[in-house]
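Undergrad: Here the protein sequences line up with chains A and B, keeping their order.
Quick note: the first sequence uses the numbering used here, first residue 1, plus one each step.
Quick note: the second sequence uses the numbering used here, first residue 1001, plus one each step.
Below you will find the structure I want to go over with you.
Number of protein chains: 2
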Amino acid sequence: MKVGYHPTRSKRSLLAGCLFGLCTVAFGQPPRGPLVVSPQVNTDKSVTFRYLAPKATDVKLSAQFEKGLLAMTKDAQGIWSVTTPPVKPDIYPYSFQVDGVTVMDPANVAFFPNERFKASLVDIPGDTPLIHSLQDVPHGSVNYEYYPSVAGTTGSLVVYTPPGYDKNLVKYPVFYLISGTTDTEETFFKVGRTNLILDNLIAAGRAKPMIVVMPYGNIEARITEQKGGAKPTDPTVRDGADAVKRANDFGEDLTRNVIPYIEGNYRTITNEESRAIGGFSRGGGQTLRTAFSNMDKFAWVCSYSSYLSPQEMNGSFSQIGGNPDRTNKQLKLLWVSVGSDDFLYKGTVEFMDYMKAKKVAYKSLVTDGGHTWMNVKTYVADTVPLLFR
Amino acid sequence: MKVGYHPTRSKRSLLAGCLFGLCTVAFGQPPRGPLVVSPQVNTDKSVTFRYLAPKATDVKLSAQFEKGLLAMTKDAQGIWSVTTPPVKPDIYPYSFQVDGVTVMDPANVAFFPNERFKASLVDIPGDTPLIHSLQDVPHGSVNYEYYPSVAGTTGSLVVYTPPGYDKNLVKYPVFYLISGTTDTEETFFKVGRTNLILDNLIAAGRAKPMIVVMPYGNIEARITEQKGGAKPTDPTVRDGADAVKRANDFGEDLTRNVIPYIEGNYRTITNEESRAIGGFSRGGGQTLRTAFSNMDKFAWVCSYSSYLSPQEMNGSFSQIGGNPDRTNKQLKLLWVSVGSDDFLYKGTVEFMDYMKAKKVAYKSLVTDGGHTWMNVKTYVADTVPLLFR
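Laid out in structure tokens, this is it:
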């Protein structure tokens, strides 16, 4: 087990590698069977997926562009493969079901950071570059940072700085962007490609240069990890008291620790009109609760595939609908978006109806599709141009 | 498939989550069965690993602190688990073998970035903090960057900047640090914890503040990915001509593209005495070849678990041993390290013997253990204090 996960080493390959005096440093890892190329996006936008498993009896593809599983077939080398029909350009999570076991694609480095499942990512390019594609434009930088967080823990942040940040010694507005339940602080970067969306929008003159701060939404997991103690409760299974505490904990960490850290260490404009907050799913709920509890701190609020119920609005945030003139003056943007197939669609429409009845101004976007990161990218690309105007 | 990888949603949990008016935003992802906590490091440094698979018939743990596989047992919920004996504090790669299929731990966000296998990471803390542990010291930042690379491609880099980089507007020396075959530009950060090693050494006054640049070693894969074309050849299976071309391609990209990008965009000291180069495995070979081909660019050279053969030294780099006085004057440090169980041990000893016979000065460290990232962390922690002195 010392040299990785395939303890057998091919003598033939070692010898082949020793030709021309170039031995051994070529063998940082021992050979791992035939080279598997996966995924391979074909020119017609079909995709060939491959998985090496000579001994498996059943391998299927599970991909978010397909409603069901796709069967794969095995070749003489033991490589299972399937070629899909042409796929609509976007980035999709996928995994393999190998004799019923869910696995990431071992041949693909693009992955979905998440606390509870593991998936790979396939990027189908458009005929013209999509808003999240790597293009030949100036690039910002994505910075992994530590900050002093709650309960003596060290928190982690992913921070996008726009192109030229280190050279143009000016101050920038900040968008705080929170990912969903079981996502991590890396998900908006690795899956949402927020950095590339910002690069492309800024290059096209469609967005103001800004800093984007991506925190980790699961305060409780961080405390358990760093300080030990009780087994964490399941972030996806709630009781009411826990959910209230968690939402408050997150909002307090953001306002008391994250914002002071960012404003102390990055060149930022530090008034509410230069702070936006947004989030997906649980992060959207954290967004709405944090914004409505801190109306002096954020003038731009974006809720992606999430909402608060009329009961919670009336119970905890009655001033929002109760004084719509003040709310509309304080908020430069309240954005609500959801997919028509999202399992949160009905509640989100109810949230919009609530705001409408209370005469609170909001902008909304209802797309096709469900509770997916394909939709999140659309929502980010549609809202970022509106911020800080 | 719209809301993740577990299409069934628990009605009971949905109802439980709707208490106290906190519905639905709690359900960014639907419930995924019982919460699995894995890995769980116990106070005696034993570790409990868990994997949810009610239908699996055989689940085993494959971990780099164990020579063989450890059997796991299933509980009534379908969670397989095993508790190991106490483990020597360090960070170890591991995975599960589920009915013979290798899978990452879905409950663990710490992963091993690699082109060809997927593994999770378990961190066993020491009684006092280890050199790679997250400690309460000033932290540097880890920056993901794009740069214009070979053949019109956009290259990716991970760049560590030391604590205070943005505030102390001074210039820093740079350590270029290259990971192994099938590793990515993330591996020295995510597996090697190079940022934390630097933070801790700098805080203790044991290392000079420096920038560490971690490039991606597989130029050919980048070109294939971005420009299409021929199926890439297997990076772990070499013929001589390919290996020579690849080594040259990497060295040229580093010297012509990476270094100018870093020196144009970071505050760096731009002479050879302020540039170090190091690498593990294939990255160590790339280090030696690039350094010996560019003796005017790097004065500090660190080879971790790698070497060049006497034949290649005599054939391509005869000036190194041929004029040891000049070599010893040019190189402030030539470091060679390897584990006694490393499959490259013999060749590395031969490389040291070659240098000794040629009267080329070098420092060396032979440790226990094999070709592992546990050893890489030791080598980085031992060499960084020597640099730029």
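All C-beta atoms in this analysis are idealised placements derived from N, C-alpha and C, irrespective of residue type, glycine included.
This one's a predicted model, so the numbers in the text were calculated from it and none came from an experiment.
Please tell me whether residue 141 of chain A has its Cβ less than 9 Å away from any Cβ of chain B.
TA: yes
Undergrad: Taking 9 Å as the cut-off, decide whether the C-beta atoms of residue 1100 of chain B and residue 118 of chain A are in contact.
TA: It is not a contact, given that the beta carbons lie outside the stated cut-off.
Undergrad: Give the residues of chain A in contact with residue 1166 of chain B, contact being defined as C-beta atoms less than 9 Å apart.
TA: 166, 265, 266 and 267
Undergrad: Secondary structure at residue 140 of chain A, three-state DSSP: helix, strand or coil?
TA: coil
Undergrad: Contact check, residue 1170 of chain B vs residue 1267 of chain B under 8 Å by CB: the rounded distance?
TA: Yes, residue 1170 of chain B and residue 1267 of chain B are in contact; Cβ-Cβ is about 7 Å, under 8 Å.
Undergrad: Out of B/1369, B/1134 and B/1253, which one is the CA nearest neighbour of residue 1344 of chain B?
TA: B/1369
Undergrad: Verify whether the separation of the beta carbon atoms of residue 178 of chain A and residue 246 of chain A is less than 9 Å.
TA: Not closer than 9 Å, so no.
Undergrad: Are residue 50 of chain A and residue 36 of chain A close, meaning C-beta to C-beta below 9 Å?
TA: With respect to residue 36 of chain A, residue 50 of chain A sits close: the two C-beta atoms are nearer than 9 Å.
Undergrad: For a contact meaning CB atoms closer than 8 Å, what does residue 101 of chain A contact in chain C?
TA: The structure shown contains no chain C; its protein chains are A and B.
Undergrad: Using a Cβ-Cβ distance under 9 Å, would residue 1248 of chain B count as near chain A?
TA: no
Undergrad: What's the C-alpha gap between residue 135 of chain A and residue 125 of chain A?
TA: 11 Å
Undergrad: Rounded to the nearest angstrom, what separates residue 265 of chain A and residue 1166 of chain B at their Cα positions?
TA: 8 Å
Undergrad: Using DSSP with H/G/I as helix, E/B as strand and the rest coil, what is residue 1021 of chain B?
TA: For residue 1021 of chain B, the predicted structure reports a pLDDT of 28, less than 50, and the residue's modelled location is therefore unreliable. The matter cannot be settled from this model.
Undergrad: Using the Cα positions of residue 52 of chain A and residue 1113 of chain B, report the straight-line distance between them to the nearest angstrom.
TA: 19 Å
Undergrad: Evaluate contact between the region 1206 to 1223 of chain B and the region 1146 to 1163 of chain B, counting only Cβ atoms and requiring at least three cross-stretch pairs below 8 Å.
TA: Judged by Cβ distances under 8 Å, the region 1206 to 1223 of chain B makes contact with the region 1146 to 1163 of chain B, as three or more pairs qualify.
Undergrad: Using the beta-carbon count (16 or more within 10 Å), is residue 1289 of chain B buried or exposed?
TA: buried
Undergrad: Which full runs of the beta strand (DSSP E) of 3+ residues lie inside the region 1096 to 1163 of chain B, going along the chain?
TA: Counting only runs of 3 or more, we get 1101 to 1103, 1119 to 1123, 1141 to 1148 and 1154 to 1161.
Undergrad: Curious, which full-length beta strand (DSSP E) runs of at least 3 residues does the region 1284 to 1311 of chain B contain?
TA: 1300 to 1304
Undergrad: Starting from residue 213 of chain A, follow the beta strand (DSSP E) in both directions and report where the run begins and ends.
TA: 211 to 215
Undergrad: Under 9 Å Cβ-Cβ, which residues of chain A neighbour residue 1134 of chain B?
TA: The answer, in chain order, is 146, 154 and 226.
Undergrad: Contact check, residue 1104 of chain B vs residue 104 of chain A under 8 Å by CB: the rounded distance?
TA: 6 Å
Undergrad: Between the Cα of residue 1334 of chain B and those of B/1205, B/1324, B/1250 and B/1342, spot the shortest distance and give me the residue it belongs to.
TA: For residue 1334 of chain B, the nearest C-alpha among the options comes from B/1324.
Undergrad: Are residue 1301 of chain B and residue 1331 of chain B close, meaning C-beta to C-beta below 9 Å?
TA: yes
Undergrad: Output, in sequence order along the chain, the residues in the region 169 to 193 of chain A whose CB is closer than 7 Å to any CB in chain B.
TA: 180, 181, 182 and 184
Undergrad: So residue 1198 of chain B and residue 1162 of chain B are supposed to be a Cβ contact under 8 Å. How far apart are they, rounded?
TA: 7 Å
Undergrad: Would you report the Cα separation of residue 76 of chain A and residue 62 of chain A, rounded to the nearest angstrom?
TA: Cα to Cα, residue 76 of chain A sits roughly 23 Å from residue 62 of chain A.
Undergrad: Whose C-alpha, out of B/1221, B/1128, B/1350 and B/1098, is nearest the C-alpha of residue 1312 of chain B?
TA: B/1350
Undergrad: If you measure between the beta carbons of residue 1364 of chain B and residue 1337 of chain B, is that distance less than 9 Å?
TA: yes
Undergrad: Run down chain B in chain order and give the residues with a C-beta less than 7 Å from the C-beta of residue 113 of chain A.
TA: Under the 7 Å cutoff, chain B gives 1109.
Undergrad: Output the boundary residues of the alpha helix (DSSP H) element that contains residue 1351 of chain B.
TA: From DSSP, the alpha helix (DSSP H) with residue 1351 of chain B extends over 1345 to 1357.
Undergrad: Would DSSP call residue 1275 of chain B helix, strand or coil?
TA: Residue state for residue 1275 of chain B is assigned as strand, using DSSP reduced to three classes.
Undergrad: Report the CB separation of residue 175 of chain A from residue 276 of chain A in whole angstroms; it is logged as a contact under 8 Å.
TA: 4 Å
Undergrad: Let me make sure I understand the geometry here. Which of A/347, A/210, A/123 and A/291 has the alpha-carbon closest to that of residue 168 of chain A?
TA: A/210
Undergrad: So what's residue 1191 of chain B in DSSP terms, helix, strand or just coil?
TA: coil
Undergrad: Let me confirm a value: residue 1102 of chain B is counted as buried when at least 16 other C-beta atoms fall within 10 Å, else exposed. Which label applies?
TA: buried
Undergrad: Between residue 1341 of chain B and residue 1201 of chain B, what straight-line distance do the alpha-carbon atoms span, to the nearest angstrom?
TA: 28 Å
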